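Asks: Numbering (this note's numbering), first residue to last: 38 to 267.
Pasting a structure below so you can have a look.
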Ligand code: ADP
Ligand code: ADP
């Protein structure tokens with residue numbers, strides 16, 4: 038569903054050029070779970086932002102579902118983002134003034150769903166993350182792990198084909214992080230592609246594929262299957 042060929046990204050600010058991503062080729066198919074690892078400042082967020090149509094690449098070709106992204110208008114890109122992509126961030130990015138129900142409803146309101154269909158989607162998503170009983174609560178009334186569950190519910194309520202997660206467990210303790218990883222694995226098992234940036238090497242091993250970025254250079258490594266070492 039996602040094919041990058043000779044893709045590269047340079048930032049130019051006041052005559053200083055930062056080559057954030059060196060040219061690389063990468064293809065990710067529907068239903069895959071891919072981890073992206075690498076030191077801070079290596080280009081992980083840049084990669085995720087380009088893949089998620091939040092930022093433009095500077096060289097090469099990026100095809101999404103067979104469409105050349107550089108030939109898409111801004112309107113087509115935002116329509117694609119709304120319908121096909123779910124985003125999950127390290128800092129949850131929930132709206133504090135809205136209860137959980139309305140937080141999840143927010144992106145659905147930009148779609149063609151009627152009120153009944155939105156309600157069904159919100160309740161199904163809340164059930165899937167185990168928070169159906171808290172739909173009237175506000176984000177600040179929840180733990181970090183619960184807030185991230187709401188953010189995930191918001192991402193899945195629109196039935197995206199891919200979820201981009203940038204350090205989804207970065208602000209959580211290890212027990213909550215584990216719960217979020219299990220949830221992401223369940224979502225992936227139901228057919229949604231997941232591309233996740235993580236600092237946590239152990240967590241990265243839960244994916245089928247691991248893309249490593251170092252100083253803007255992409256390479257792929259195989260997950261270590263602990264049970265296969267015997
Ligand atoms: P992470 O993805 O590791 O959580 P960030 O994406 O916030 O971290 O930042 C990673 C690096 O990119 C940092 O060194 C930061 O200073 C740099 N950076 C992020 N945004 C900008 C920007 N708009 N201009 C310049 N540097 C930036
Ligand atoms: P990571 O997510 O791995 O921490 P980033 O993708 O945020 O890394 O950053 C990669 C490189 O690109 C860094 O050198 C950073 O300073 C630079 N960078 C990121 N965003 C910007 C930006 N908007 N303008 C200029 N430089 C940026």
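Beta carbons are placed, not taken as given, at the ideal position from N, Cα and C, and that holds for glycine.
Computed from a prediction, not measured in an experiment: that's the story for all the values here.
Is residue 82 a contact residue of ligand 2, with contact defined as CB to any heavy atom under 7 angstroms?
Replies: Answer for residue 82: yes, Cβ within range of ligand 2.
Asks: Helix, strand or coil for residue 54? Go by DSSP, reduced to three states.
Replies: Note: residue 54 maps to strand in three-state DSSP.
Asks: Below 7 angstroms, is the gap between the Cβ of residue 181 and the nearest heavy atom of ligand 2?
Replies: No, the beta carbon of residue 181 sits no closer than 7 angstroms to any heavy atom of ligand 2.
Asks: Taking 8 angstroms as the threshold (C-beta atoms), are residue 62 and residue 89 in contact?
Replies: No, the pair does not count as a contact, with Cβ atoms beyond the cut-off.
Asks: Would you decide whether residue 267 is buried or exposed? Buried here means 16 or more other CB atoms lie within 10 Å of its CB.
Replies: Bear in mind that the predicted position of residue 267 carries a pLDDT of just 41, short of 50, making it unreliable; the figure below should be weighed with that in mind. The residue is exposed, with fewer than 16 neighbouring Cβ atoms inside 10 Å.
Asks: Under the DSSP definition of a beta bridge, which residues are partnered with residue 212?
Replies: Paired residues: none, contrary to the question.
Asks: Quickly, what does DSSP pair residue 261 with across the bridge? List them, please.
Replies: Residue 261 pairs with nothing; no bridge assigned.
Asks: Hey, how far is the Cα of residue 129 from the Cα of residue 144?
Replies: If you take the alpha carbons of residue 129 and residue 144, they lie about 15 angstroms apart.
Asks: Taking 8 angstroms as the cut-off, decide whether the C-beta atoms of residue 179 and residue 202 are in contact.
Replies: Going by C-beta atoms, residue 179 is not nearer than 8 angstroms to residue 202.
Asks: So residue 162 and residue 194 are in contact, right, with Cβ under 8 angstroms, and what is the actual spacing, rounded?
Replies: The Cβ separation is near 4 angstroms, so the contact holds.
Asks: Can you list, in chain order, the residues of its chain with a C-beta nearer than 6 angstroms to that of residue 85? Leave out the 5 residues immediately preceding and following it.
Replies: Excluding residues within five positions, the ones whose Cβ falls inside 6 angstroms are 201, 203, 234.
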